[in-house]
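Using UniProt numbering, read the sequence shown as starting at 1 and increasing by one per residue. By construction, the Cβ of each residue, glycine as well, lies at the ideal position given by its N, Cα and C atoms. As the structure is a prediction and not an experimental result, all values here were calculated from the model.
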Amino acid sequence: MSRVIQYFIDSGKMREDELDYEEDQDHLNDAKRQVAIRGEAKNARLRHRECDICFHTFTNPRRHTIQIHLHVPGSDVRRANGLLRELARALGTSFPVGLEEKLNAIMRIRTQLPLTEFHISEFKLVDAFLKLNCLEPALNYKITSTPFMKYHHILHWKILKNLIGYLNSDEQLWFLKFEERKNKEGLQIGQLSIKLLGPLQVIDSQFHLDQLCRQMVSGALQDLDDLVLRALAVGEIGLDDSTYPSKRDFERQIKYFRKQLVLATELNLTVVIHSRGKPSLHEHVLTTPSEICKPDQLIHWHCFTCTTQLYSAAVSQFPNIVFGITPFILKDRYSSIVEIVKTFGITHLVLESDAPYIPLHSHTFGNPYSVNAVAQKISKLLQQPIEEVFRITTENSKRIYKLQ
């Protein structure tokens, strides 16, 4: 009998209310310890058991498995989703249908599992997992070995332990190193969701290199002439009435905006728009290119914070348009951005940091790494793997700037 299966049988004796501790390093050399019970010193044997995923020892591996390997505080289900995807791969089956079939095949052989159910604290995890994978909601949170086990039952720590026990020793070690290898070979993006095939490519489609270097007091770029630059677009161009310009100054803005649009069409370059001001101004900004540019014009609307109505109108007039989503999506003040993402998805979106102008935290300045936080927010809103958010937005950025 493997140590995993034996551990599964023995673990049924463990109390549900045992406290969870950090990994213990010295208990193997200290079988007994002095503990005080009601003021009287007595010898007590501390029970430590191994986690079947990471093989570190804990007094409560159940709670450790749930909190560390299945989800983190906040019921973020992507870690559990990635863990089960990798388990399906290790078992040589598909996810989630093949994994459910494998589960039932194993449970027909192993009958040690008693009637059990999810703890109330795990209900949100189960619901989020089913929603993420477009599966039917759970009818209840009880688990029986007959007549048939369902996908979400694998989220229960005892079921997960039994499935992992089906792996041979080499597969268990490979599985153990998965997250560590993923962080090494790809981006460390926080939560597991799907296995990476290599490093992710992520594009920050808008930041100000000169200002960023100045903020960082960087001597690496004394002059932008140090870079090999190629003109890809005309912009940022647009209109701005946030500083209450005079009528004459605003008319001058419109004049040069039109000239810049003409230049972009003549040179077959992408247009980068930035509109800042009243809602009526944004409508004017969309109307002007409609009068000058062809419908297939490549347009990047930078730092888009407008309404869903304007979004729809822009896509209708310019099917090749993309909209930049900045760290503003993390601020309550810009609820319209959240509404756009939830309503339309990421088909026309690109990631932007707008560094150094939009910091993630006060008393700091923005940097291109903040697009990771933007992607994580989009991933949570859409219940979509963050790797997919990176992939689609990067493809959009390449397309809009002809980088294919």
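Nearest-angstrom beta carbon gap, Ala313 and Leu269 [assumed within contact, 8 Å]: Rounded, the Cβ-Cβ distance is 23 Å, inconsistent with contact.
Buried versus exposed call for Val97 [16 or more other C-beta atoms within 10 Å across all chains shown]: Under this definition Val97 is an exposed residue.
Integer Cβ distance of Gln215 from Pro319, believed to fall under 8 Å: The Cβ separation is near 37 Å, so there is no contact.
Short Cβ contact (9 Å threshold) for Leu351 with Ile321: no
Distance, Asn81 Cα to Leu93 Cα: As written in the sequence, residue 93 is Thr, which differs from the Leu given in the question. Roughly 15 Å separates the two Cα atoms.
C-beta contact flag for Leu99 and Ile164 at 9 Å: no
Paired residues, beta bridge with Ile325 - DSSP: Leu351
Chain-order list of residues whose beta-carbon lies under 7 Å from that of residue 427 (same chain, five-residue window excluded): Outside the shown range of the chain (1 to 404) lies residue 427, about which nothing can therefore be said.
Opposing strand residues paired with Ile273 [DSSP bridges]: Ile237 and Trp301
DSSP bridge partner residues for Lys142 (one or two, in chain order): Glu117
Option nearest Glu117 by Cα separation, candidates Phe129, Leu103, Lys158 and Leu135: Lys158
Asn396 to His348 span [Cα, whole Å]: 7 Å
Beta carbon of Asp354 nearer than 9 Å to that of Thr393: no
C-alpha distance - Ile337 paired with Glu171, whole-angstrom precision: 44 Å
Outcome for His156 when other beta-carbon atoms lying within 10 angstroms are tallied against a minimum of 16: buried
Nearest-angstrom beta carbon gap, Gly238 and Ser275 [assumed within contact, 8 Å]: 5 Å
Alpha helix (DSSP H) segment containing Gln215, residue limits: Under the DSSP assignment, Gln215 falls in the alpha helix (DSSP H) whose first and last residues are Leu209 to Gln215.
Contact set for Lys131: own chain, Cβ-Cβ below 7 Å, skip 5 residues either direction: So the list reads Gln383, once near-sequence residues are dropped.
6 Å CB neighbourhood of Arg399 in its chain, flanking five on each side removed: none
For Gly82, the three-state DSSP class (helix, strand or coil): In the structure shown, Gly82 sits in a helix (DSSP, three-state: H, G or I).
6 Å CB neighbourhood of Leu286 in its chain, flanking five on each side removed: Ala314
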